[in-house]
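Trainee:
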Amino acid sequence: RPTIDRELLESLPNLKVIGNSGVGVDHLDLKMISNFGVKVTNTPHAVVDSTADIGMALMLASARRLVEGCQIAVSPDTKHFAVDWLGVEVTRATLGIIGMGSIGYKVAQRARAFNMRILYHNRNRRRKEEEEAVGAHYCEKWEDLLQQSDFVMLVVNLTPETHKLIGKKELGLMKPTATLINISRGAVIDQDALVEALQNKVIRAAALDVTYPEPLPRAHPLLKLNNVIITPHIGTATVQAIHMMAEEAIANMLAVLNGQRAPSEV
Amino acid sequence: MEGQELPYVLIDCIGGKHGVYEDHVGFLEKHFHLITMKEYLENKEFLSKKIRAIYMWYNKPVTNEELLQGLPNLKIVASSGVGIDHLDLKLFSRYGVKVSNTPFAVSTDTADLGMALMLASSRRLVEGYQMAVSPDTEYFPADWLGAEVSGATLGIVGMGTIGYKVAQRARAFEMKILYHNRNQRKKEEESAVGATYCKKIDDLLQQSDFVLLCVNLTPQTHKLIGKRELGLMKPTATLINISRGLVVDQDALVEALQNEVIKAAALDVTYPEPLPRDHPLLKLKNVIITPHIGSATKSTRRLMMENMIESIQAGLAGRPVPNEISL
Numbered sequence: 001r002p003t004i005d006r007e008l009l010e011s012l013p014n015l016k017v018i019g020n021s022g023v024g025v026d027h028l029d030l031k032m033i034s035n036f037g038v039k040v041t042n043t044p045h046a047v048v049d050s051t052a053d054i055g056m057a058l059m060l061a062s063a064r065r066l067v068e069g070c071q072i073a074v075s076p077d078t079k080h081f082a083v084d085w086l087g088v089e090v091t092r093a094t095l096g097i098i099g100m101g102s103i104g105y106k107v108a109q110r111a112r113a114f115n116m117r118i119l120y121h122n123r124n125r126r127r128k129e130e131e132e133a134v135g136a137h138y139c140e141k142w143e144d145l146l147q148q149s150d151f152v153m154l155v156v157n158l159t160p161e162t163h164k165l166i167g168k169k170e171l172g173l174m175k176p177t178a179t180l181i182n183i184s185r186g187a188v189i190d191q192d193a194l195v196e197a198l199q200n201k202v203i204r205a206a207a208l209d210v211t212y213p214e215p216l217p218r219a220h221p222l223l224k225l226n227n228v229i230i231t232p233h234i235g236t237a238t239v240q241a242i243h244m245m246a247e248e249a250i251a252n253m254l255a256v257l258n259g260q261r262a263p264s265e266v
Numbered sequence: 267m268e269g270q271e272l273p274y275v276l277i278d279c280i281g282g283k284h285g286v287y288e289d290h291v292g293f294l295e296k297h298f299h300l301i302t303m304k305e306y307l308e309n310k311e312f313l314s315k316k317i318r319a320i321y322m323w324y325n326k327p328v329t330n331e332e333l334l335q336g337l338p339n340l341k342i343v344a345s346s347g348v349g350i351d352h353l354d355l356k357l358f359s360r361y362g363v364k365v366s367n368t369p370f371a372v373s374t375d376t377a378d379l380g381m382a383l384m385l386a387s388s389r390r391l392v393e394g395y396q397m398a399v400s401p402d403t404e405y406f407p408a409d410w411l412g413a414e415v416s417g418a419t420l421g422i423v424g425m426g427t428i429g430y431k432v433a434q435r436a437r438a439f440e441m442k443i444l445y446h447n448r449n450q451r452k453k454e455e456e457s458a459v460g461a462t463y464c465k466k467i468d469d470l471l472q473q474s475d476f477v478l479l480c481v482n483l484t485p486q487t488h489k490l491i492g493k494r495e496l497g498l499m500k501p502t503a504t505l506i507n508i509s510r511g512l513v514v515d516q517d518a519l520v521e522a523l524q525n526e527v528i529k530a531a532a533l534d535v536t537y538p539e540p541l542p543r544d545h546p547l548l549k550l551k552n553v554i555i556t557p558h559i560g561s562a563t564k565s566t567r568r569l570m571m572e573n574m575i576e577s578i579q580a581g582l583a584g585r586p587v588p589n590e591i592s593l
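Protein chains in written order, with my numbering: chain A, 1 to 266; chain B, 267 to 593.
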């Protein structure tokens, strides 16, 4: 917000730049804005750490059934803790990162410390040194990544190419013991296919910081499945990230207004 | 010797909420003749001399002096998990019974859970989830914020195997790592994880954004964190406990959380477990509690079982016992 539509652009003849906070620009009609001669900037650097952290938080919470566990710990009906109540391991499991940009790479750095085996798929392969630094193996065919991963994490941006990237076929390729984690955009997943896959135990679980729409309608099946964690798009919801986004947006906007090249022009 | 029977090993029960896992029984019975407490009590005369080991799964069977007196040929008790605070080691020593635990099997899962709790608490994951699924939610507020883990300061109290694994993980989040331990670790070990030793726990408490308790429970660590220690922590700090409930003075913790002396707590362990249903800790918004799941994964529990089998076999054969606990 504010929503950028044709009416608004027509009423602001001296508008030079729109400084978007956050990295996603899928909500902006870039062609239309460009036709008005207005530049758009985003804040790709400010969001990286906090979003990578949320990806790790969701993976750990889902694997160890943290939310369910909290519910048991506080439930009025709990009389004792069952010893056969189990989650799955994160350490030494295989993590498949789809989208190895700045955020995906930081996820890989964190996951490596958990001795995870890291596979990744990206439009372009990263340099050898970058791969070696995090112990990541490139999967040219992403079917390979889907078939081998215990955790599949989506870290792409939303473009026409990545819309419904993960659908029935992709979910079917995943292990039945695997978890899907989404920290990119809801529309990267075919949500109906996801519901079906979760209900039929085609995959084990999902952890989503993003959905389509946000929030989901209150009757949506995703809200009722007990193998789903949803968080309210809090990938950048930290005091530090908000601060850094404001600083980055300001720096970008000032650069444009001063006739210089903005560091993060879209 | 031909036709030698398998050693008789006492267990509490199979299945149910606290028994030996049904899918472990097959493997156990390759090595042992398992006798449940029920079978033992029904046939004490015959079985009391046959039982040579106890497989103590999640603190059961409770092994007191009465039981020891009834088992004259008992050589070893293998206890699951790393905690030994439930064992009267002096008693076992008097009866000449060896005791073992499973410290290494649990270490990575427990470290992982420590990280999970730190991240969940800091980013308000449980609250966020509740908002995401609540029937009353119409939109997600833009001013709803948590605090960052990356780049923050983590103070690890107890830098044993588990504490060190936490440090290895936290380092990848570019955290500044302080630690307090009975003894300082070797320089190479410190450098490998970028950890700085705090000889006085006060220094650690005053500087940390997250204080993580990784000590074992002993008379020295009982109520290690009380009103004074909580008061030394930053008002923006979070206390995380993956050790034992009794390491924290729980009443002092409640008071500190209610008065915003510290920001939040995340506890995998409490005293008792579970807490009474009307306990104030269950009602505080800034507390996450998990039901003692530090080692609760299928593979770790299987590894624990394998370790216990090894310890029992060594104990019965008179060989050095892996993971033996000495007094």
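Quick reminder that beta carbons are idealized off the backbone N, C-alpha and C, glycines included.
So, using beta-carbon positions, are A:V88 and A:V256 closer together than 8 Å?
Mentor: The residue given as residue 88 of chain A occupies position 88 in the first sequence. The residue given as residue 256 of chain A occupies position 256 in the first sequence. Taking 8 Å as the Cβ cut-off, A:V88 and A:V256 do not qualify as a contacting pair.
Trainee: Exposed or buried, B:S373, counting other C-beta atoms within 10 Å across all chains shown (16 or more means buried)?
Mentor: The sequence position of residue 373 of chain B within the second sequence is 107, counting from 1. Answer is buried; the Cβ neighbour count reaches 16.
Trainee: What residues from the segment 555-568 of chain B come within 8 Å of chain A, judged by C-beta to C-beta, listed N to C?
Mentor: I555, T556, P557, H558, I559, A562, T563, K564, S565, T566 and R567
Trainee: In angstroms with no decimal places, state the Cα-to-Cα distance between A:A197 and A:H220.
Mentor: One-based indexing of the first sequence puts residue 197 of chain A at position 197. One-based indexing of the first sequence puts residue 220 of chain A at position 220. Approximately 15 Å between the Cα atoms of the pair.
Trainee: Which residues in chain B have a C-beta closer than 8 Å to the C-beta of A:A136? List them in chain order.
Mentor: Taking the first residue of the first sequence as 1, we reach residue 136 of chain A at position 136. Those within 8 Å of A:A136 in chain B number zero; the least Cβ separation is about 14 Å.
Trainee: Does DSSP put B:S592 in a helix, a strand or coil?
Mentor: The residue given as residue 592 of chain B occupies position 326 in the second sequence. B:S592: coil per DSSP, three-state reduction.
Trainee: Where does B:E268 fall in DSSP's three states?
Mentor: By 1-based counting over the second sequence, the position of residue 268 of chain B is 2. Bear in mind that a pLDDT of 47 at B:E268, under 50, signals an unreliable position, so the number given afterwards is only what the model happens to contain. The answer is coil: DSSP assigns B:E268 none of H, G, I, E or B.
Trainee: Please return the same chain residues whose Cβ sits closer than 6 Å to the Cβ of A:R125, not counting the five positions on each side in sequence.
Mentor: Numbered from 1 along the first sequence, position 125 holds the residue referred to as residue 125 of chain A. The residues are Y138.
Trainee: Does the Cβ of B:G417 have 16 or more other Cβ atoms within 10 Å, making it buried, or fewer, making it exposed?
Mentor: Walking along the second sequence from the start, residue 417 of chain B turns up at place 151. Looking at its Cβ environment, which holds fewer than 16 other Cβ atoms inside 10 Å, B:G417 is exposed.
Trainee: Under DSSP, the beta strand (DSSP E) around B:F293 begins and ends at which residues?
Mentor: Residue mapping note: residue 293 of chain B aligns to position 27 of the second sequence, counting from 1. Not the beta strand (DSSP E): B:F293 falls in the alpha helix (DSSP H), residues E288 to H297.
Trainee: Taking three-plus beta-carbon pairs below 8 Å as touching, is the segment 521-532 of chain B in contact with the segment 546-558 of chain B?
Mentor: yes
Trainee: Using a Cβ-Cβ distance under 8 Å, would B:Q579 count as near chain A?
Mentor: The sequence position of residue 579 of chain B within the second sequence is 313, counting from 1. Chain A, which has no Cβ nearer than 8 Å to the Cβ of B:Q579, makes this no.
Trainee: Could you check where the beta strand (DSSP E) with B:R567 kicks off and where it finishes?
Mentor: Reading the second sequence from its first residue, position 301 is the one you call residue 567 of chain B. Unbroken run through B:R567 is the alpha helix (DSSP H), K564 to A583; no beta strand (DSSP E).
Trainee: In angstroms, rounded to a whole number, what distance separates the CA positions of A:K168 and A:E143?
Mentor: Taking the first residue of the first sequence as 1, we reach residue 168 of chain A at position 168. Taking the first residue of the first sequence as 1, we reach residue 143 of chain A at position 143. Their Cα atoms are separated by approximately 13 Å.
Trainee: Less than 8 Å between the C-beta atoms of B:P588 and B:E576, yes or no?
Mentor: Translated into the one-based positions of the second sequence, residue 588 of chain B becomes position 322. Translated into the one-based positions of the second sequence, residue 576 of chain B becomes position 310. Contact flag set, yes.
Trainee: Decide if B:Q335 is buried, meaning its Cβ has at least 16 other Cβ atoms within 10 Å, or exposed.
Mentor: The residue you call residue 335 of chain B lines up with position 69 of the second sequence. With fewer than 16 other Cβ atoms within 10 Å, it is exposed.
Trainee: Find the residues of chain B that neighbour A:V90, judging by a C-beta separation of less than 7 Å, and give them in chain order.
Mentor: As a first step, residue 90 of chain A must be located in the first sequence, where it is residue number 90. Under the 7 Å cutoff, chain B gives D378.
Trainee: Measuring only the C-alpha atoms, how far is B:D469 from B:G460?
Mentor: Taking the first residue of the second sequence as 1, we reach residue 469 of chain B at position 203. Taking the first residue of the second sequence as 1, we reach residue 460 of chain B at position 194. Computed Cα separation, rounded: 17 Å.
Trainee: Check whether the segment 52-68 of chain A and the segment 79-93 of chain A are in contact - that is, three or more C-beta pairs closer than 8 Å.
Mentor: Contact holds: three or more Cβ-Cβ distances are below 8 Å.
Trainee: Roughly how many angstroms separate the alpha carbons of A:V48 and A:F36, rounded to a whole number?
Mentor: Taking the first residue of the first sequence as 1, we reach residue 48 of chain A at position 48. Taking the first residue of the first sequence as 1, we reach residue 36 of chain A at position 36. Using only the alpha carbons, I get a separation of about 30 Å.
Trainee: Compare the C-beta of A:D84 against all C-beta atoms of chain B and say whether one is closer than 8 Å.
Mentor: Here residue 84 of chain A is taken as the residue at index 84 of the first sequence, counted from 1. Yes, A:D84 lies at the interface with chain B (some Cβ there is under 8 Å from its Cβ).
Trainee: Identify, in the order they occur along the chain, each residue of the same chain with its Cβ nearer than 6 Å to the Cβ of B:G421, setting aside the five sequence neighbours on each side.
Mentor: Residue mapping note: residue 421 of chain B aligns to position 155 of the second sequence, counting from 1. For B:G421, where only same-chain residues beyond five positions count, the Cβ hits under 6 Å are L444, L470, S474 and V477.
Trainee: Ordered along the chain, which non-local residues of its own chain (more than five positions away) have a Cβ less than 8 Å from that of B:L313?
Mentor: Residue numbering aside, residue 313 of chain B sits at position 47 when the second sequence is read from its first letter. Result list for B:L313: Y274, I301, E305 and Y306, in chain order.
Trainee: Can you pull the chain B residues whose beta carbon is under 9 Å from the beta carbon of A:G172, in chain order?
Mentor: As a first step, residue 172 of chain A must be located in the first sequence, where it is residue number 172. Chain B residues near A:G172: none, gap ~24 Å exceeds 9 Å.
Trainee: With A:T238 and B:G412 assumed to form a contact (beta carbons below 8 Å), what rounded beta-carbon distance in angstroms separates them?
Mentor: Numbered from 1 along the first sequence, position 238 holds the residue referred to as residue 238 of chain A. Numbered from 1 along the second sequence, position 146 holds the residue referred to as residue 412 of chain B. Confirmed, Cβ separation roughly 5 Å.
Trainee: Kindly give me the distance between the Cβ atoms of A:I215 and B:Y405, rounded to whole angstroms, as I take these residues to be in contact under 8 Å.
Mentor: Mapped onto the first sequence, residue 215 of chain A falls at position 215. Mapped onto the second sequence, residue 405 of chain B falls at position 139. It is Pro, not Ile, that sits at residue 215 of chain A in the sequence shown. Right, their Cβ atoms sit about 7 Å apart.
Trainee: Quick check on the burial criterion: 16 or more other C-beta atoms within 10 angstroms. Buried or exposed for A:Q260?
Mentor: Working through the first sequence from its first residue, we reach residue 260 of chain A at position 260. It is exposed - the Cβ of A:Q260 has fewer than 16 other Cβ atoms within 10 Å.
Trainee: Might you give, ordered along the chain, the residues of its own chain that have their beta carbon closer than 7 Å to the beta carbon of B:T368, omitting 5 neighbours on each side?
Mentor: Start at 1 with the first residue of the second sequence, and residue 368 of chain B comes out as number 102. Counting only Cβ-Cβ distances below 7 Å, and skipping sequence neighbours, we find S346, G347, V348, M570, N573, M574 and N589.
Trainee: Using DSSP's beta-bridge definition, name the partner residues of B:Y445.
Mentor: Position 179 of the second sequence, counted from the start, is the residue given in the question as residue 445 of chain B. DSSP lists B:I422 and B:Y463 as partners of B:Y445.
Trainee: In chain order, which beta strand (DSSP E) runs of at least 3 residues are fully inside the segment 13-82 of chain A?
Mentor: For the segment 13-82 of chain A, the full-length beta strand (DSSP E) segments reaching 3 residues or more read 17-19 and 39-41 along the chain.
Trainee: Per DSSP, A:R117 forms a beta bridge with which residues?
Mentor: Numbered from 1 along the first sequence, position 117 holds the residue referred to as residue 117 of chain A. DSSP output for A:R117 lists A:T94 as bridge partner(s).
Trainee: Using DSSP with H/G/I as helix, E/B as strand and the rest coil, what is A:E130?
Mentor: Translated into the one-based positions of the first sequence, residue 130 of chain A becomes position 130. Looking at A:E130 - three-state DSSP - the assignment turns out to be helix.
Trainee: How about B:M571: is its C-beta nearer than 8 Å to some C-beta of chain D?
Mentor: Checking the listed chains, one finds no chain D in this structure; the protein chains it contains are A and B.
Trainee: Look at B:L337 and B:I591 and say whether their C-beta atoms are less than 8 Å apart.
Mentor: Residue numbering aside, residue 337 of chain B sits at position 71 when the second sequence is read from its first letter. Residue numbering aside, residue 591 of chain B sits at position 325 when the second sequence is read from its first letter. No, these two residues do not count as a Cβ contact at 8 Å.
Trainee: Hey, quick one: how far does the alpha helix (DSSP H) through B:M384 stretch, first residue to last?
Mentor: In the second sequence, counting from the first residue as 1, residue 384 of chain B sits at position 118. For B:M384, the enclosing alpha helix (DSSP H) stretches over residues S373 to S388.
Trainee: Within the 8 Å Cβ cut-off, does A:Q240 reach chain B?
Mentor: Taking the first sequence and counting its residues from 1, one reaches residue 240 of chain A at position 240. Yes, because at least one Cβ of chain B sits closer than 8 Å to the Cβ of A:Q240.
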